[in-house]
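Counted the way our numbering counts, the sequence shown spans residues 1 to 329.
Cβ coordinates follow ideal geometry from the N, Cα and C atoms, glycine included.
Model, not experiment: these values are computed from the prediction.
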Amino acid sequence: MATRAQIYREVLREYDALRAQKAAELRGRKEKLYARFPRLEEIEEALSLLGVSTAKLLLQGAVDMEKALGELREKQQALMAERVEILTQNRLSPHLLEPEYECDACKDTGYAGDSPCACMKRRLMDRIYDQSNVRDVIQAENFDTFDLRLFSDEIVPEEGISPKENARKNLQKAMAFAEDFAGENLLLYGGTGRGKTFLCNCIAKEVLERGKTVLYLTAGQLFKRLEEIRFRRNEEEEAFADWDTELMEADLLIIDDLGTEFATVFTASELFGIINGRKLAKKSVVISTNLDYKALMEQYSDRVMSRLIGEYTAMKFFGDDIRMKKQFQ
Ligand SMILES: [Zn+2]
Numbered sequence: 001m002a003t004r005a006q007i008y009r010e011v012l013r014e015y016d017a018l019r020a021q022k023a024a025e026l027r028g029r030k031e032k033l034y035a036r037f038p039r040l041e042e043i044e045e046a047l048s049l050l051g052v053s054t055a056k057l058l059l060q061g062a063v064d065m066e067k068a069l070g071e072l073r074e075k076q077q078a079l080m081a082e083r084v085e086i087l088t089q090n091r092l093s094p095h096l097l098e099p100e101y102e103c104d105a106c107k108d109t110g111y112a113g114d115s116p117c118a119c120m121k122r123r124l125m126d127r128i129y130d131q132s133n134v135r136d137v138i139q140a141e142n143f144d145t146f147d148l149r150l151f152s153d154e155i156v157p158e159e160g161i162s163p164k165e166n167a168r169k170n171l172q173k174a175m176a177f178a179e180d181f182a183g184e185n186l187l188l189y190g191g192t193g194r195g196k197t198f199l200c201n202c203i204a205k206e207v208l209e210r211g212k213t214v215l216y217l218t219a220g221q222l223f224k225r226l227e228e229i230r231f232r233r234n235e236e237e238e239a240f241a242d243w244d245t246e247l248m249e250a251d252l253l254i255i256d257d258l259g260t261e262f263a264t265v266f267t268a269s270e271l272f273g274i275i276n277g278r279k280l281a282k283k284s285v286v287i288s289t290n291l292d293y294k295a296l297m298e299q300y301s302d303r304v305m306s307r308l309i310g311e312y313t314a315m316k317f318f319g320d321d322i323r324m325k326k327q328f329q
């Protein structure tokens with residue numbers, strides 16, 4: 001696998017390419033507009049001349065600097081106003097001649113001030129944990145596409161509630177969580193195909209859209225990655241020293257399908273490390289599992305269980321297998 005430094009360099013190159021592409025697009029827009037409205041080109045030239053004059057003034061130390069600069073600024077504003085006028089009169093966006101950014105916070109540099117921008121953190125995380133598939137899935141599985149009609153209306157006697165009513169409650173809970181998830185944790189449990197993973201995807205999409213970082217891993221992926229980190233050869237250690245940074249730093253960590261991995265003392269202890277570390281950092285975790293409390297207790301340590309019981313809001317899923325239902329519809 002690539003080292004973080006390599007991935008970091010790749011991501012910086014992506015930003016370079018992105019800025020180059022945006023600059024080329026701007027040149028293209030200018031070319032077209034200047035052919036249609038030659039005055040716009042004159043304005044650009046006049047503006048850049050004014051810029052040069054300002055620099056000269058500052059260098060020479062003019063007699064009345066304030067006054068001279070004020071005059072230049074006035075001319076500049078008049079030109080820019082004229083440009084906007086020409087564009088809007090022709091029903092064009094007044095911003096057509098301004099550079100456009102994918103991320104306004106960092107102007108596609110990856111850095112906002114001295115610190116890495118949220119978009120940079122997301123790019124790094126996507127690369128390091130290969131999250132591209134998650135991005136695809138959440139386009140289809142999100143709060144807008146959650147379909148309550150798939151759940152049965154019939155009350156399940158031992159639950160005292162219908163699967164549909166239960167799903168509605170879970171949906172509301174998940175929405176509220178995604179809106180303001182600071183420090184709160186969820187434990188989604190119940191049989192396969194009851195909508196847990198779907199709801200994890202809904203939460204991931206909503207939180208990502210709020211500009212936060214989400215690390216979404218199945219338990220299998222999570223422990224495989226941790227094994228790679230913990231048991232690599234000594235000489236590699238340095239290069240991979242901070243591979244698990246995101247596990248602690250992502251705003252939200254989602255562990256899907258806990259209990260399906262090959263459980264060992266290692267997995268139990270790593271799981272505790274993650275749950276505990278994120279609790280101390282006041283960062284949220286969402287866990288989905290097919291196991292009930294009894295099975296969780298058997299598979300993981302008491303320490304893990306006491307955290308899960310004490311600090312996670314449990315959401316039960318039951319009813320028919322909606323995955324099967326969907327396929328036959
Ligand atoms: Zn950014």
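Compare the C-beta of residue i against all C-beta atoms of chain C and say whether one is closer than 7 Å.
i	result
arginine 135	Looking for chain C here will not work: only one protein chain is present.
Could you tell me the alpha carbon to alpha carbon distance between residue i and residue j, rounded to whole angstroms?
i	j	result
cysteine 103	valine 137	23 Å
alanine 55	lysine 75	15 Å
leucine 222	arginine 149	33 Å
cysteine 106	proline 116	9 Å
arginine 123	valine 11	7 Å
leucine 247	isoleucine 274	7 Å
glutamate 158	leucine 291	18 Å
glycine 51	arginine 73	10 Å
leucine 217	isoleucine 128	12 Å
methionine 297	cysteine 200	23 Å
alanine 229	isoleucine 7	In the sequence as displayed, the identity of residue 229 is isoleucine instead of alanine. Going from the Cα of isoleucine 229 to the Cα of isoleucine 7 covers about 16 Å.
phenylalanine 177	lysine 121	22 Å
lysine 282	glycine 183	5 Å
glutamine 60	leucine 92	40 Å
Would you call residue i buried or exposed, if buried means 16 or more other Cβ atoms sit within 10 Å of its Cβ?
i	result
phenylalanine 262	exposed
alanine 204	buried
isoleucine 155	exposed
threonine 88	exposed
methionine 65	exposed
phenylalanine 380	Any question about residue 380 goes unanswered here, given that the chain covers just 1 to 329.
leucine 58	exposed
Can residue i and residue j be called in contact, C-beta distance under 7 Å?
i	j	result
threonine 289	leucine 258	yes
isoleucine 322	glycine 195	yes
aspartate 108	leucine 18	yes
glutamate 270	phenylalanine 198	no
lysine 22	glutamate 82	no
asparagine 185	tyrosine 312	yes
phenylalanine 181	serine 284	yes
leucine 96	arginine 29	yes
Starting from residue i, follow its DSSP beta bridges and name the residues at the other end.
i	result
tyrosine 216	Ile254
phenylalanine 317	Gly190
alanine 112	Ser115
valine 156	Ile161
message = Just to confirm the assignment: which complete alpha helix (DSSP H) runs, minimum length 4, are found wholly within the stretch 76-105?
response = none
inquiry  = Which complete beta strand (DSSP E) runs does the stretch 160-204 hold, if anything under 3 residues is left out?
reply    = 186-190
message = Which complete beta strand (DSSP E) runs does the stretch 10-47 hold, if anything under 3 residues is left out?
response = none
query = Enumerated in chain order, which unbroken segments of the beta strand (DSSP E) with a length of 3 residues or greater are wholly contained in the stretch 251-292?
reply = 252-258 and 284-289
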